[in-house]
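Heads up: the structure comes next, in structure tokens.
In our numbering, the protein residues as written are 33 to 180.
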């Protein structure tokens, strides 16, 4: 098991299976179609992200460098949480952008019963180490344990 320490953006503890992308995660392109059309597994619909396209994102530890794309990304993330179709957690190698932070924080504050821990600034070593299918545990203090 390897540990990484990041900054807590939204609190919580969770253990989940990793899905990993080394390119920017387009929240709108990845989540809008599955949410809009009722995909129960919330499979990534971003055809420009070959690492994630077609993979289920719901209840997974989404490991990414940063988000990219539309200014609606934060709202889409908030909606995913409000519908209970969000990743188990989001783990950013880089500092989180303001739009993704807004969506995650608003969901944390406004959506009762939904917890989606978000940790950023985990570093490039984290993203180089973690692979799809590894089990990840997020601790309340921003420590992320990767069991692999």
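C-beta: ideal position from N, C-alpha, C; glycine also. Note that the structure is predicted; figures quoted are calculated from it, not measured.
Per DSSP, the bridge partner or partners of residue i
i: residue 94; result: 51, 122
i: residue 57; result: 99
i: residue 75; result: 88
Endpoints, alpha helix (DSSP H) assigned at residue i
i: residue 108; result: 105–114
Reduced DSSP category for residue i - H, G, I as helix; E, B as strand; rest coil
i: residue 127; result: coil
i: residue 64; result: helix
i: residue 141; result: helix
i: residue 42; result: strand
i: residue 82; result: coil
i: residue 70; result: coil
Delimiting residues of the beta strand (DSSP E) encompassing residue i
i: residue 152; result: 150–152
i: residue 179; result: 175–179
i: residue 158; result: Looking at the DSSP string, residue 158 is not in any beta strand (DSSP E); the run it does join, the alpha helix (DSSP H), is 156–161.
i: residue 37; result: 34–37
i: residue 169; result: 167–170
**Prompt:** Hey, is the region 37–50 in contact with the region 84–100, meaning 3+ C-beta pairs nearer than 8 Å?
**Reply:** yes
Notebook entry, point to check: Quick one: any contact between the region 170–179 and the region 54–70, if contact means 3 or more CB pairs under 8 Å?
Noted result: no
Take every Cβ of the region 72–85, pair it with every Cβ of the region 147–155, and state whether three or more of those distances are shorter than 8 Å.
no
Inter-stretch contact (C-beta, 8 Å, three-pair minimum) for the region 153–162 and the region 33–40:
yes
Note to self: Measuring CB atoms only, is the region 132–140 touching the region 104–123, in the sense that at least three cross pairs come out at less than 8 Å?
What the structure shows: yes
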